[in-house]
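Going down the list, the sequences are from chains P and G. In terms of our numbering, the first sequence opens at residue 1 and continues consecutively. In terms of our numbering, the second sequence opens at residue 265 and continues consecutively. Have a look at the structure below, then the notes.
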Amino acid sequence: MKFISKYRKHKLAAPLLLLFALTGLGLTFSVASATEAPKSVDAAARSTLIEEGQQIFLKGCSSCHGLNGEGAAIAPSLIGVGAASVDFQVATGRMPMQDMSQQAMRKAPVYNEEEVAALAAYVASLAPGPRAYTNEEIEWERDGNTAEGGELFRNNCAMCHNFAGQGGALTQGKYAPSVMGVEPKHIYEAMITGPQAMPVFSDKIITPEEKLSIIKWIKAAETEPNLGGAALGRVGPVTEGLLVWTLGLGLLIGIAVWLTAKAR
Amino acid sequence: MSAREKVAANVANYVDERTGAASWMKKNLQKVFPDHWSFMLGEIALYSFLILLLSGTFLTFWFDPSMRHVVYEGSYQPLKDVEMSAAYASTLHISFDVRGGLLMRQIHHWAALIFMAAIVVHLLRVFFTGAFRKPREFNWILGIALLTLGIVEGFLGYSLPDDLLSGTGIRIAHAIIQSIPVVGTYLSFFAFGGAFPGEVFIPRIYIVHVLLLPGIFLALITVHLMLVWYQKHTQYPGPGRTEKNVVGYPLMPVYMAKAGGFFFIVFGITALLGAVASINPIWLYGPYTPGQISAGSQPDWYMGWLDGLVRMAPPIETYLFGYTVSWNILIPGLIIPGIIFTGMALYPFIESWMTGDKKEHHLLDRPRNVPNRTALGVMSLTFMLVALINGGNDIIATHFDLTINQIMWFSRIGIIVLPPLAFVITKRICLSLQRADRELVLHGKETGRLVMLPHGEFIEVHEELSAEKKYTLTQHQQPAAIALVKEDARGVLNPKGIRAKLQARFSAANAENIAKPTPDELKQLEGGHH
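Encoded structure:
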């Protein structure tokens, strides 16, 4: 203690003390803000994710969508479509397209989850657009209302996707696919991005809560038992007519033949 | 006489003394009906009608034919608190909250589809065997009336629940009414009590569906059957069967048993369908609001051809003196069906004029022996089938990976090209079958047994047909064509002019047949081999 009291009045004491204080403060701050530190790590990871995505994009997508996602005669520009579009199109297997037919169809996805995330990050980096969602974020079970969703579905979706979500035909070979068995996040992403021939249903037209209700109705329709017996594809009277002419009339005429057969 | 027989005799005597029923019953219970499976097709329609009456009565106990707005509070959760009409809500109630209600609804609807299908196959049987000829022309017309009313009745029936699909159907009916030039708008206001959809349409079609049309049906079916009774049933040709007799079994007991049993079989199959196969799941369609529509909206099958015609119609409209004439609805929705049904109703008279045949016929034709009629029938069927296929074009497109546009163009071209093609092909097939019959009669059946004759020639042994079989194959008449009389002996031109020419041409086409074997030809062959 003598040492301290001895040099207490030294002319360098004040500047040194200041230095210690500043160093201490700085250290404390840097320790206290340690949670911020990974941000720079995350940013780095993110840029590697984007780079990975770019690599996948260059290999798998650029031949149609252009080296920078600017689009070409055969494929649209991806600038500004956002991660939601990529997540929907690639994770449902629609992209990359199998053939240049009217419409990309759902199939087994070519890329795994990480690759899809990388692609989505890359495309999202081109220009801002709707973000991708996870199934956990789509709280349809908690926030949706089945009956309201049904009304919304009939108002906005049934004209193409059919009353029971079984899908339907559009012009020139395009079609609205069945919405049965689709992951909630993909339904949500489809509504906000409007893939293929589908229009965009912005949050002003159908609010996020209403979107959850639609998803809830679709999930209810998916699990609804066939209350009247065999559902016959839930496509309306065409299959009913087919059944009556084959099984119904077939049986009846068969029995008529049997009733009038000569005893041998 | 045992005690029991005595009681029965006393009861019968008691009734007979007061009603005189015995002699009538004795006569009519012994009435003979010919036996053939194709004669039971009309019965399927009759029994389905009875099933429709019974199941329909059940449904009326709960159905509320009102377009009053209600909020659904029943047990089907996905529609909870949804606003809808009382008609729709009560149909949901029948489906989910009435014991056996859904089963009865489904039985009623399946029975309707079977009813219409049975009417059509019955009509085809009558047409292709020529059973509509004199003296049965009126019964044919009654049949066409029943078919037409059946289509209307079915349409009104599935329109009643006021669900999204049926509302769409009513909307199309509304459009067809509106397409009638000049008066269409007024007629639609009259039918709907104002603008579409209004509040009165469901109650109105309800009373037509459950009272007016079933009443007319009952009356027409009664007359239809009374005429069959009075004119006797036609029969297929064969040994012992003539234009003056009916070969078959008596009504009592054989036909009573067969027909009674068949009723229960028809009921059983309808109930089976109602129990295992969903039909018109109105809870999935949701309530009707004019702003909504579902992909794959189709009518029931018997209206499908009409929908198909409308779907393939090119978008033609004209604007005349301030009125829009929508040919794209008017032609397929009213004009073509009008021509089809009028033509069908008048066909017995048309054929009689074409062939000049004014004789009574109680023996049926084998379709091959009347190639022209058979070909006409297949031609009309082809037309209807192409239209029906186009009615389901969207479902076919999605399920067979085709485009709607391809199917539409196939139908547009096919409906013009395929029917005449079907006519030619059918006629050729009929003539070939006639040729085969002729071979069979002259040379017998091929046995596949080869025999070497003493001088080395190989022949195949042909087994001669029985006399009965030969008779069946050769009993039919082959009328000659009507000769065209241009002018009579005194040089006066035929006053019928172009009509006579047309008749001569039609009758010549009708008389195109492979000559059936003559007795001389048969005799020549006897003893010899070929």
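Just so it is clear, CB atoms sit at the ideal spot from N, CA and C, and this is done for glycine as well.
- Residue range 635–655 is occupied by the alpha helix (DSSP H) that includes G:G641, with no beta strand (DSSP E) assigned at that position.
- Measuring C-alpha to C-alpha distances from G:L343 to each of G:L548, G:Q556, G:F297, G:L317 identifies G:L548 as the nearest.
- Within the segment 223–250 of chain P, those residues whose Cβ lies closer than 9 Å to any Cβ of chain G are, in chain order, E224, N226, L227, G228, G229, A230, A231, L232, G233, R234, V235, G236, P237, V238, T239, E240, G241, L242, L243, V244, W245, L247, G248, L249.
- The continuous stretches of beta strand (DSSP E) do not include G:R389, which lies in the alpha helix (DSSP H) extending over residues 365–392.
- Ranked by how close their Cα comes to the Cα of G:I383, the residues G:W404, G:G365, G:H372 have G:W404 in first place.
- Going by beta carbons, G:V650 and G:I679 fall inside the 7 Å limit.
- One finds A256, L259, T260 in chain P with Cβ atoms closer than 8 Å to the Cβ of G:M304, taken in chain order.
- A residue is called buried once 16 or more other Cβ atoms fall within 10 Å of its Cβ, and P:A83 is buried on that count.
- Nearest to G:M348 by C-alpha distance, out of G:R363, G:P329, G:D361, is G:P329.
- Rounded to whole angstroms, the gap between the alpha carbons of G:A775 and G:G708 is 26 Å.
- The beta-carbon separation of G:T534 and G:S312, rounded to 7 Å, stays under the 8 Å limit for a contact.
- In the structure shown, P:T48 falls within a helical segment according to DSSP collapsed to helix, strand and coil.
- DSSP places G:K270 inside the alpha helix (DSSP H), whose first and last residues are 267–283.
- When the Cα atoms are used, G:Q294 and G:G512 turn out to be separated by approximately 11 Å.
- The beta carbon of G:S542 sits closer than 7 Å to some beta carbon of chain P.
- Chain order gives no chain P residues near G:L682, where near means a beta carbon separation below 7 Å; the closest approach is about 20 Å.
- For P:P109, the CB contacts under 8 Å within the same chain, skipping 5 residues up- and downstream, are V90, A91, T92, G93, V116 in chain order.
- Counting along the chain, the unbroken beta strand (DSSP E) around G:H333 starts and ends at 333–335.
- As the crow flies, the alpha-carbon of G:T662 is around 16 Å from that of P:L242.
- Of all C-beta pairs linking the segment 197–207 of chain P to the segment 612–632 of chain G, fewer than three are shorter than 8 Å, placing the two stretches out of contact.
- Within the segment 655–678 of chain G, the residues whose Cβ lies closer than 7 Å to any Cβ of chain P are, in chain order, G656, D658, I659, A661, T662, T667, I668, N669.
- The three-state secondary structure of P:E136, taken from DSSP, is coil.
- Contact of P:Q172 with chain G is assigned, a C-beta pair being separated by under 7 Å.
- G:P683 is classed as buried because its beta carbon has at least 16 other beta carbons within 10 Å across all chains shown.
- Of all alpha-carbon atoms in G:V279, G:M380, G:A276, G:G407, the one lying nearest the alpha-carbon of G:L610 is that of G:G407.
- Beta-bridge annotation (DSSP): G:T588 is paired with G:Y583.
- Judged by DSSP in its simplified three-state form, P:F163 adopts coil rather than helix or strand.
- For the segment 170–198 of chain P, residues whose beta-carbon sits nearer than 7 Å to a beta-carbon of chain G comprise T171, Q172, G173, Y175, A176.
- Pairing P:F88 with P:P195 gives a Cβ-Cβ distance under 7 Å.
- Segment contact: the segment 240–257 of chain P against the segment 167–176 of chain P, fewer than three CB-CB distances shorter than 8 Å; contact not assigned.
- G:V385 reaches chain P at L249, I253, counting residues in chain order whose Cβ is nearer than 8 Å.
- Closest by C-alpha distance to G:V492, out of G:G448, G:A395, G:P461, G:F585, is G:A395.
- Excluding its 5 nearest sequence neighbours in each direction, G:A745 has C-beta neighbours in its own chain below 6 Å: S771, A772, A775, listed in chain order.
- Taken atom to atom, the span from the alpha-carbon of G:L737 to that of G:D701 is near 7 Å.
- Here G:G320 is buried. Its C-beta has 16 or more other C-beta atoms within 10 Å.
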